[in-house]
Amino acid sequence: MFLSTIVLGFINSIILALVALGFNLTFGISGVANFAYGGLYVFAGLTAWIFINIVKLPYIVSILLSIAATSLFGALIYRFILQRVRGIELSEVIATFGIGLAVLELFRYLGFYGFEYTLPVMFEGSINLFVVTVSIQRVMIVIIGIALAGGIWFFTHHTKIGLAFRGIAQDEYTALTLGIDSDFIATLSVAFGSTIAAISAVAIFPLGTISIEQGYVVLINALAVSIVGGLGSTGGLIIAAFIIGYLQTFTSAYIDTQWVMFVPPLIILAVLALKPSGLFGKQKELEERV
Amino acid sequence: MLQVKNLMVFFENALALNELTLTVEKGEIIGLIGSNSAGKTTFMNSISGLIIEKQLRENRRRGERITIYGEIIFQDTDITLMKPAKRVKMGIVLARERHPIFPESDVLENLKIASYLKKRKEWKKTLADIYNIFPVLYDLRNRKAGFLSGGEQQMLAIGMALIVQPDLLLLDEPLLGLSPHFQSVLVEAIVNLRKEFGITIILSEQFARPVLPIIDRGYIIENGMLTLTDTGEALMNNPEIKTAYFGI
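Residue numbers (my numbering), protein chains in the order written: chain A, 9 to 298; chain B, 542 to 789.
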C-alpha cells in the first residue's frame, strides 16, 4: 500500500507539474496573466477529439493540429483582448478568466460532455513498476513532463526569446529601450503557454474522459502549484508539484478521496499567509525585503 | 546626425516640450541641463521612441492623451512616429533615469537579455569591451542586479545600452543619486566611450558641475523650452548657470 502510494504520488505530481508549466511560463515568467488556461486546456482536448472523430484525421495529425490551434487561440487572446488591458493586472485576470469561462461553458452548451468524449492513448499497454501496474500512458506523461520542464528551463535561461520573456516581466520599458518589442514577446508568451496547455491536455485526457470540469480543476491546480512554488521559479514549481501531488495522493489513500479537492485551495491559503512569495519565489523576494 | 525641429509634446493640455529645436553632430557629447520637470525625460523619451509606446498604451486604455508635433530626423530619416524597437535597430539607445536594470536577474543575465538584437559572437566581443570599461561588472557578474549599489546599477544600465552597440547613446540623469566617487568614475567612463567607440552622446542632468567640463555643447532647458545654448566651457563661466545649477 505505502510503496504503491509512493509510485502513484510520483506520477500524480508530474501530472500537476506538467499542467502548471504552461501557466507558469506565461504568468510567472513573463508576467502576463492567462487565467483562460483551463479553457485552453479543454479546448485542446475537444479539438483533438473533433479532428479524430468527426474530421477523421489520423491520431498524430489531429494532435498536432489541436496543439497548433490552441497556440493560435492563445496568441489571438493576447492580440485582441489582453493587449488592451495590458499593465492593469486586475483587468488582465478578469478578462482572461472571463474568456476561459466563456470557452468552457460554450462547450457545455454545445453538448460536449459525456462518456463518449475520450482521447486515445499514445501507446497501449502497461508495465510493472515495483508493486503497482502502471499504464504506458502514465509513463509517457512522466517523460513528457520531465522533458518539458528541462526544455523550459533551458529556453528561459539560454535563448534570446526566453530571456526576453523574463525581461518584460521585470521592467517593460527597459526591455523596450533594448529593442525588445514587448507586445510581440507577450504574444509569444501566451501562445507558448497555450502550447504547453495543449500538450498536457492530449497527454493527460486519455487517462479519463474529457470533461468541462477539468478546465476549472486544472486552473486551480496550476494556480496552487505556481503560488506554492513561487511564481517564475521552474525549480520551485517542480518541488511544489511534488508537495501537492503527494499530499493529494496520501489524502486519497489514507483519508478519503473526497478530501483531495480541498488540498490545493488549503495549501494556497497556507502559503499566502506564511510566505506570500512562495516557498522558492524569486520574483517578489526583493520587494518583500524592502 | 540628429535634428530636432519644433518638437512639442502635450500631456492632455499640459505642455511638456515647447518648440524645441536642436542639432547634434556625429561624435559630440551634448548636455541637456535643467531642473526637475523641465522636460528632460520627455525629451529623452521622444528621441528614443518610448513616448510613442506610452501614447499607444494610454490610447488603448483611453487614458491620458499624449500629442506630439514637430519633427525628429535621425541620419536623414524622419523618426518622429517610429516605434522604439525600430529606433534601437537604427542605433539610438536610451539608458533611462534611476538605473533601470532587471533586478531579479544576475549581472551577466542582464547583459544577456540586453543582447536580444545581437548575434552571440558580437555579444561576446562587446561584453569584453564593457568589462574593460567597468571592471566592477566583471567582479559582480554573478550577483543579483537588485542587490547592487546605485553606482554599480548605473554602470550596468550603461553596459546594457552598450551591448546594443549604439551610434547615439542617450543617458537620462546618469549621475542621479550617486556618490561623488561614482560620479567621477562615470564621467570618466562617458568620455572614454566617445574616445574608444566614437559614440555620440546626449546626457541630461540637473546638477551641472560634474558634466559641464566634458560636454562639447550644452542646452539649458526650462519649462520645456531651450533658454540658452553654448559650449561647455562658456556655460562653466556663465554666472547665471553657476547660481542656478551648481548648487552653490
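Backbone N, C-alpha and C define an ideal beta-carbon position, used for all residues, glycine too. Computed from a prediction, not measured in an experiment: that's the story for all the values here.
Simplified DSSP assignment, three categories, for residue i
{"i": "B/E594", "result": "helix"}
{"i": "B/E560", "result": "strand"}
{"i": "B/V705", "result": "coil"}
{"i": "A/I235", "result": "helix"}
{"i": "B/G611", "result": "strand"}
{"i": "A/N136", "result": "strand"}
{"i": "A/V298", "result": "Only weak support is given to the placement of A/V298: the predicted model assigns it a pLDDT of 42, under 50, and the question is left unresolved by the model."}
{"i": "B/E650", "result": "helix"}
{"i": "A/Y121", "result": "coil"}
{"i": "A/M148", "result": "helix"}
{"i": "A/T55", "result": "helix"}
{"i": "B/R750", "result": "coil"}
{"i": "A/T217", "result": "coil"}
{"i": "B/T768", "result": "strand"}
{"i": "B/R758", "result": "strand"}
{"i": "A/I102", "result": "helix"}
{"i": "B/E569", "result": "coil"}
{"i": "B/S587", "result": "helix"}
Below-9 angstroms beta-carbon distance, residue i vs any chain B residue
{"i": "A/Y181", "result": "yes"}
{"i": "A/A103", "result": "no"}
{"i": "A/K168", "result": "yes"}
{"i": "A/I85", "result": "no"}
{"i": "A/I188", "result": "yes"}
{"i": "A/T242", "result": "no"}
{"i": "A/G82", "result": "no"}
{"i": "A/L171", "result": "yes"}
Beta carbon proximity, residue i to chain A, threshold 9 angstroms
{"i": "B/M701", "result": "yes"}
{"i": "B/A626", "result": "yes"}
{"i": "B/E693", "result": "no"}
{"i": "B/P641", "result": "yes"}
{"i": "B/S725", "result": "no"}
{"i": "B/V550", "result": "no"}
{"i": "B/L538", "result": "Nothing in the structure corresponds to residue 538 of chain B, since chain B is present only between 542 and 789."}
{"i": "B/A775", "result": "no"}
{"i": "B/I607", "result": "no"}
{"i": "B/I671", "result": "no"}
{"i": "B/I704", "result": "yes"}
Where residue i falls, given that 16 or more other Cβ within 10 Å makes a residue buried
{"i": "A/Q266", "result": "exposed"}
{"i": "B/D619", "result": "exposed"}
{"i": "B/E645", "result": "buried"}
{"i": "A/T182", "result": "buried"}
{"i": "A/E132", "result": "exposed"}
{"i": "B/R602", "result": "exposed"}
{"i": "A/A56", "result": "buried"}
Inter-residue spacing [alpha-carbon to alpha-carbon] between residue i and residue j
{"i": "B/E737", "j": "B/E729", "result": "12 angstroms"}
{"i": "B/Y760", "j": "A/A232", "result": "55 angstroms"}
{"i": "A/L196", "j": "B/Y786", "result": "47 angstroms"}
{"i": "B/Y657", "j": "A/S134", "result": "46 angstroms"}
{"i": "A/T185", "j": "B/N559", "result": "24 angstroms"}
{"i": "A/V15", "j": "A/S21", "result": "10 angstroms"}
{"i": "B/N673", "j": "B/S745", "result": "25 angstroms"}
{"i": "B/M701", "j": "A/P214", "result": "48 angstroms"}
{"i": "A/E100", "j": "B/S587", "result": "28 angstroms"}
{"i": "A/A248", "j": "A/A103", "result": "27 angstroms"}
Paired residues, beta bridge with residue i - DSSP
{"i": "B/Q544", "result": "B/T564 and B/I614"}
{"i": "B/E737", "result": "Answer is none; B/E737 lacks a bridge partner."}
{"i": "B/V550", "result": "B/L558 and B/I609"}
{"i": "B/V634", "result": "B/L710"}
{"i": "A/V142", "result": "A/I135"}
{"i": "B/K685", "result": "B/D647"}
{"i": "A/E97", "result": "According to DSSP, which records beta bridges pairwise, A/E97 is partnered with nothing at all."}
{"i": "B/S745", "result": "B/L573 and B/D713"}
{"i": "B/D619", "result": "B/I614"}
{"i": "B/E763", "result": "B/M766"}
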